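Number of protein chains: 2
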Amino acid sequence: MNDTDEPPIRHTAECLRVSQVLSRIAGKWSVLVIMLLRQQSLRFSELKRGVDGISQRMLTLTLRNLERDGLVSRSVTPSIPPRVDYELTELGHSLAGPIQAVGTWAFHHLPEIEAAQAQYDAQE
Amino acid sequence: MNDTDEPPIRHTAECLRVSQVLSRIAGKWSVLVIMLLRQQSLRFSELKRGVDGISQRMLTLTLRNLERDGLVSRSVTPSIPPRVDYELTELGHSLAGPIQAVGTWAFHHLPEIEAAQAQYDAQE
DNA sequence: CCGTATCCAGGGGGATACTG
DNA sequence: CAGTATCCCCCTGGATACGG
Numbered sequence: 001m002n003d004t005d006e007p008p009i010r011h012t013a014e015c016l017r018v019s020q021v022l023s024r025i026a027g028k029w030s031v032l033v034i035m036l037l038r039q040q041s042l043r044f045s046e047l048k049r050g051v052d053g054i055s056q057r058m059l060t061l062t063l064r065n066l067e068r069d070g071l072v073s074r075s076v077t078p079s080i081p082p083r084v085d086y087e088l089t090e091l092g093h094s095l096a097g098p099i100q101a102v103g104t105w106a107f108h109h110l111p112e113i114e115a116a117q118a119q120y121d122a123q124e
Numbered sequence: 125m126n127d128t129d130e131p132p133i134r135h136t137a138e139c140l141r142v143s144q145v146l147s148r149i150a151g152k153w154s155v156l157v158i159m160l161l162r163q164q165s166l167r168f169s170e171l172k173r174g175v176d177g178i179s180q181r182m183l184t185l186t187l188r189n190l191e192r193d194g195l196v197s198r199s200v201t202p203s204i205p206p207r208v209d210y211e212l213t214e215l216g217h218s219l220a221g222p223i224q225a226v227g228t229w230a231f232h233h234l235p236e237i238e239a240a241q242a243q244y245d246a247q248e
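Residue numbers (our numbering), protein chains in the order written: chain A, 1 to 124; chain V, 125 to 248.
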């Protein structure tokens with residue numbers, strides 16, 4: 001048989017965008033930072049306290065990435081001691097919505113997921 | 125000043141769920157597989173062809189994880205040669221919606237993101 | 001056709017110490 | 001307070017080869 005009739009299974013451009021955006025915020029911490037900043041602007045140390053278990057290094061890296069993507073803005077007040085505030089940009093806020101939707105999904109379906117895992121693990 | 129009035133900046137339980145779910149599908153490939161399966165059930169080799177650049181190993185691992193989470197079901201037809209079909213479970217389909225929302229967001233805002241990146245990179 | 005096994009490079013991410 | 005610098009471990013993910 002020839003293969004001229006092979007089905008054109010392809011990704012839409014949208015699939016690839018999704019993948020890239022998710023990769024961008026896939027880190028362990030990005031989402032937590034975004035969710036915190038959704039409600040209020042916060043200082044570096046406040047974020048550090050708010051995100052349980054994050055190291056100084058990872059918070060810095062996470063913030064730099066978010067800033068680079070235009071999701072978070074950084075404003076420095078050159079006082080002594082210095083003060084740096086982070087807040088979600090408009091772009092950041094617009095992403096928080098869809099992300100929250102995934103969160104809501106997770107909240108509702110976590111029992112099913114964990115049940116599926118338990119069942120899968122039980123039979124190896 | 126004392127710090128008894130320090131603000132109770134905490135994550136809601138939802139934030140943590142989001143983070144976990146995103147970690148789960150954060151892999152390079154999970155989303156692409158889900159999006160492909162959204163429209164039709166597919167065989168292993170069809171998925172391999174459909175997901176551009178994926179290795180056999182990573183496709184296997186991705187499918188195992190999705191199966192373990194109850195998002196994808198695997199059905200074996202013991203013929204010669206063997207045939208294995210994968211399809212989204214109901215749970216999987218219910219996740220595809222929210223993910224698509226993120227995709228739509230990405231589709232609309234990618235120009236802004238890339239512009240932000242270019243600007244950020246231009247000034248160091 | 002559908003995997004598993006093995007090897008290996010690269011980066012994510014933690015701990016710690018140091019600067020302005 | 002808000003980072004940067006360094007070290008180091010482990011996991012992800014690619015290439016390849018082999019088995020049912």
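For every residue, glycine included, the Cβ atom is placed at its ideal position computed from N, Cα and C. Small disclaimer: the values here were computed from a predicted structure and weren't measured.
Per DSSP, the beta bridge partners of V/Thr201 are V/Arg207. For V/Asp209, there are no neighbours in chain A by C-beta distance under 8 angstroms, as the nearest C-beta there is about 14 angstroms away.
Excluding the 5 residues flanking it on each side, A/Phe44 has same chain C-beta neighbours closer than 6 angstroms at Val84, in chain order.
Using beta-carbon distances, A/Gln117 counts as an interface residue toward chain V, with a partner under 8 angstroms.
The three-state secondary structure of V/Leu195, taken from DSSP, is coil. In this structure, the straight-line span from the alpha carbon of A/Gln123 to that of V/Arg148 is close to 21 angstroms.
Distances from the alpha-carbon of V/Glu138 to those of A/Ala118, A/Leu110, A/Tyr120 and A/Asp121 put A/Leu110 closest. DSSP places A/Ile99 inside the alpha helix (DSSP H), whose first and last residues are Glu90 to Ala122. The beta carbon of A/Gly50 sits closer than 8 angstroms to some beta carbon of chain V. In the structure shown, the three-state DSSP call for V/Arg173 is helix. Looking at the backbone, the Cα of V/Gln241 and that of V/Gln144 are separated by about 27 angstroms.
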